[in-house]
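Residue numbers (the numbering used here): 721 to 749.
Cβ atoms here follow ideal geometry from the backbone N, Cα and C, with glycine treated the same way.
What follows is one structure encoded as structure tokens, with my remarks underneath.
Laid out in structure tokens, this is it:
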């Protein structure tokens, strides 16, 4: 259970990071 929650948190953090990255790239262009 802990591992599943950890993986879920990692996936969410990665998703948010990619979203931030995409927004920064869009505003840069």
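In angstroms, rounded to a whole number, what distance separates the CA positions of residue i and residue j?
{"i": "residue 742", "j": "residue 724", "result": "27 Å"}
{"i": "residue 736", "j": "residue 729", "result": "11 Å"}
{"i": "residue 733", "j": "residue 722", "result": "16 Å"}
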